[in-house]
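Asks:
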DNA sequence: CGCGGCCGATATCTCCTGGATATCGGCTCG
DNA sequence: CGAGCCGATATCCAGGAGATATCGGCCGCG
């Protein structure tokens, strides 16, 4: 049995007339009679009573037609659903991001995305750069936003573009000696007890910070004698700084989360943190991802050029 | 698009392999590739990613396959539903019957029918012979059970068989002169105030009763000087008799509904009422009706022969 | 009561297309 | 780097869907 049989049976039921049904179907009457006869033979049941006053469905016909209508509705829904999914109007986008992306980048991009693609299910999860990279490679995420971008095994399967930059600031409690100054130097940070992102979760930031603090010192000299406390997120860094644990270090957007009892000091001279990087699987042809990238292209200067360069030979 | 495309796409999704999917479908691999390619062309969307590690559905493919599964399920349900309807396992049977059928015939036949065909929706309505005949002809009923069977316009479109016989009994209140006797004669009934079924609703019974009472009297003599009260159902007849309105007349099965404060008298010599008759439209080929007739055939002696005679030249 | 017309079924032919066979091209893996 | 697997492509064939012509039955009309 083919869906053609369903369409033909429904046409006959609708017109109560083989000739007119055939015309509506764009075929001649004999083949329609044949197809209905073949269908009835296959079902082992007569579907229509051919009377002098018209063609009417039997009880079996009624039962069959009801199902046939639903089957054809599912088929046309299959077509339109596939089209919408292919155009990226429906589907799912799972996004893993570092907390600081939530302070500036994501509100803008996600707002636009949700307006453009209201039927796409968004999965949002804040996580470290290491975890989002691993989840992206494992296929558990579609987009990862982290600092410094993915490195290590599997990174060659990903495409990464810079979507934001921040410079370093220091956060101290009111009682801290730095509290009076609006600026601190890198030199001053050496020897302080520092509150920073976990080294194994944010490898790029950790490596960069080590390089920054070791700069110009002897390799043998223990540069950070003050020790280090690792904190996962902005609010923890600020909280620890406020109660005098040490000097919090992080991107300038930490200011957004600052509280009255801490002071945020610029670091002088100004130094840039590893960039905010958005990654996705280079093999991922998802139209939803493409739509998200389009929006990122519009909203983040420079992203268009980076994507063109990296995706050029597609 | 034909349902073949859905089957093929599902096979590919299931096996993640064109060759094995084709083997499972009983066709060669090239036509399968072609059909999938044609489907993708028609949809304007790629449904499968052909990678080195296997064939996997795209987002559009997932959406399509989900609908395709439902569409095919509806199609096979259409086949089985049509079959069950054709075999009379599902469907509807609307039955109109005179009250006295409920006292003996229907409990037996309906019990068996409900056991045999639990999924058939039964519509039961008690009504007069005139109304059930009209409803049957109007297509509002599938079976009518009345007394004396249909007559008048349209009766030639119906098939009727006798399914029960009853003899006449008289019902009187305790204070009635007949209360002492266990038998009354037809002669004694003449001149009594009679409680009988409505003449226009039960034409066969009324005509038969008139003939019975007029038997042997002069045409000019007013035979029933006692007058008549018409009552629709057994309980009303008995109720009216009990409070002395007159002598209730009805089939012997009235005894089933009798109360302590009335007496049911045999009429002597015993006379038969018009038969209990079951009718259906001779054009009706409903398998549910056929199943009901089969049960009637088993349970009512003589019905098989009557049906064979009347339906023989089908 | 017969005849004309409508409608679905049947007969026959044609041609499209779904399927088979053979082969190619690309990728993976030993 | 070559063997082998797998999907795509090329080519051919045949079954069957559909077109045309015609039949047969039923209804309605004169």
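Chains as they are written, first to last, in UniProt numbering: chain A, 1 to 314; chain B, 1 to 314. Glycine is no exception: its CB is placed at the ideal position from the N, C-alpha and C atoms. Please read these numbers as outputs of a predicted model, since none were measured by experiment.
Let me see if you follow: with CB-CB separation under 8 Å, is residue 31(A) close to chain B or not?
Replies: No - not a single Cβ of chain B is within 8 Å of the one on residue 31(A).
Asks: Relative to chain A, which residues along the segment 114-134 of chain B have a C-beta separation below 9 Å, given in chain order?
Replies: Under the 9 Å Cβ criterion, the segment 114-134 of chain B contributes no residue.
Asks: Give the DSSP-derived three-state secondary structure of residue 244(B) in the structure shown.
Replies: Looking at residue 244(B) - three-state DSSP - the assignment turns out to be coil, as it is neither helix nor strand.
Asks: Going by DSSP, which residues form a beta bridge with residue 167(A)?
Replies: Note: residue 167(A) sits in a beta bridge opposite 272(A).
Asks: Assuming residue 78(B) contacts residue 67(A) under a Cβ cut-off of 8 Å, what Cβ separation, rounded to an integer in Å, is found between them?
Replies: Residue 78(B) to residue 67(A), Cβ: 3 Å. Contact.
Asks: Name the chain B residues that come within less than 7 Å of residue 54(A), Cβ to Cβ?
Replies: Those do not exist, as residue 54(A) stays about 14 Å from chain B at its closest Cβ, beyond 7 Å.
Asks: Kindly say whether residue 363(A), judged by its beta-carbon, lies nearer than 8 Å to any beta-carbon of chain B.
Replies: With chain A represented from 1 up to 314, any question about residue 363(A) goes unanswered, as that position is not in the structure.
Asks: Going by C-alpha to C-alpha distance, which of 4(A), 45(A) and 37(A) sits closest to residue 25(A)?
Replies: When only C-alpha atoms are compared, the closest one is 4(A).
Asks: Would you check if the distance between the CB atom of residue 229(A) and the CB atom of residue 176(A) is smaller than 8 Å?
Replies: Their beta carbons are not under 8 Å apart, which means residue 229(A) does not touch residue 176(A) by this criterion.
Asks: Might you give, ordered along the chain, the residues of its own chain that have their beta carbon closer than 8 Å to the beta carbon of residue 272(A), omitting 5 neighbours on each side?
Replies: So the list reads 165, 166, 167 and 168, once near-sequence residues are dropped.
Asks: Quick one: is residue 124(A) buried, meaning 16 or more other Cβ sit within 10 Å of its Cβ, or exposed?
Replies: Per the 10 Å Cβ criterion, exposed.
Asks: Pick helix, strand or coil for residue 300(B), following the three-state DSSP scheme.
Replies: In this structure, residue 300(B) counts as coil in the three-state DSSP scheme.
Asks: To the nearest whole angstrom, what separates the beta carbons of residue 142(B) and residue 87(B), a pair I think is in contact under 8 Å?
Replies: Their Cβ separation, rounded to whole angstroms, is 17 Å, which puts residue 142(B) and residue 87(B) out of contact at 8 Å.
Asks: Between the Cα of residue 327(B) and the Cα atoms of 296(A), 285(A), 295(A) and 140(A), which residue gives the shortest distance?
Replies: With chain B covering only 1 through 314, there is no way to say anything about residue 327(B).
Asks: In the DSSP assignment, the alpha helix (DSSP H) including residue 187(A) goes from what residue to what residue?
Replies: Unbroken alpha helix (DSSP H) run through residue 187(A): 186-189.
Asks: Taking 8 Å as the CB-CB limit, is residue 59(B) close to chain A?
Replies: So yes, residue 59(B) belongs to the interface.
Asks: Let me know if residue 156(B) comes out buried or exposed under the rule of 16 or more other beta-carbons within 10 Å of its beta-carbon.
Replies: Per the 10 Å Cβ criterion, exposed.
Asks: Quick one: is the Cβ of residue 98(A) within less than 7 Å of any heavy atom of the ligand ATP?
Replies: This structure simply doesn't include the ligand ATP, nor any ligand for that matter.
Asks: I need the straight-line Cα distance from residue 212(A) to residue 202(A), nearest angstrom please.
Replies: Taking the straight line joining both Cα atoms gives about 15 Å.
Asks: Closer than 9 Å between beta carbons: that is the criterion. Which residues of the segment 255-285 of chain A meet it against chain B?
Replies: Of all residues in the segment 255-285 of chain A, 283 and 285 have a Cβ within less than 9 Å of some Cβ in chain B.
Asks: Around the Cβ of residue 256(B), are there at least 16 other Cβ atoms within 10 angstroms (buried) or fewer (exposed)?
Replies: Exposed, since its Cβ has fewer than 16 Cβ neighbours within 10 Å.
Asks: Would residue 98(A) and residue 133(A) be called neighbours here (beta carbons separated by less than 8 Å)?
Replies: The answer is no: Cβ separation not under 8 Å.
Asks: Helix, strand or coil: how does DSSP classify residue 194(A) here?
Replies: Strand.
Asks: Using the Cβ count rule (16 or more neighbours within 10 Å means buried), how would you classify residue 298(A)?
Replies: Flag for residue 298(A) reads exposed.
Asks: Would you please state the rounded distance, in angstroms, between the beta carbons of residue 171(A) and residue 289(A)? I believe it to be under 8 Å.
Replies: With 8 Å as the limit, residue 171(A) and residue 289(A) do not qualify as a contact, their Cβ atoms being about 36 Å apart.
Asks: Using beta-carbon positions only, say whether residue 103(A) and residue 279(A) come within less than 8 Å of one another.
Replies: Contact flag unset, no.
Asks: Within 10 angstroms of the Cβ of residue 308(B), are there 16 or more other Cβ atoms? Answer buried if so, exposed if not.
Replies: Exposed, since its Cβ has fewer than 16 Cβ neighbours within 10 Å.
Asks: Just the C-alpha distance for residue 234(A) and residue 258(A), rounded to the nearest angstrom, thanks.
Replies: The straight-line gap from Cα to Cα measures roughly 9 Å.
Asks: Any beta-carbon of chain A closer than 8 Å to the one on residue 64(B)?
Replies: Answer yes: the Cβ-Cβ gap between residue 64(B) and chain A drops below 8 Å somewhere.
Asks: For residue 81(B), return the contacting residues in chain A, with the cut-off set at a CB-CB distance below 7 Å.
Replies: Those are 63, 64 and 67, listed as they occur along chain A.
Asks: Could you check whether residue 262(B) and residue 146(B) sit closer than 8 Å to each other, using their CB atoms as the reference points?
Replies: No, they are not a contact pair.
Asks: Which value, in whole angstroms, describes the spacing of the CA atoms of residue 22(A) and residue 14(B)?
Replies: Cα-Cα distance, rounded: 37 Å.
Asks: Does the separation of the CB atoms of residue 161(B) and residue 295(B) fall below 8 Å?
Replies: Not a contact, by the Cβ cut-off of 8 Å.
Asks: Can you pull the chain A residues whose beta carbon is under 8 Å from the beta carbon of residue 4(B), in chain order?
Replies: Going along chain A in sequence order, the residues near residue 4(B) (Cβ under 8 Å) are 2.
Asks: Just confirm the distance between the C-beta atoms of residue 158(A) and residue 281(A), as a whole number of angstroms; I'd bet it's less than 8 Å.
Replies: Indeed they touch by this definition, with Cβ atoms about 6 Å apart.
Asks: Is DSSP giving residue 98(A) helix, strand or coil here?
Replies: Of the three classes helix, strand and coil, the one that applies to residue 98(A) here is coil, per DSSP.
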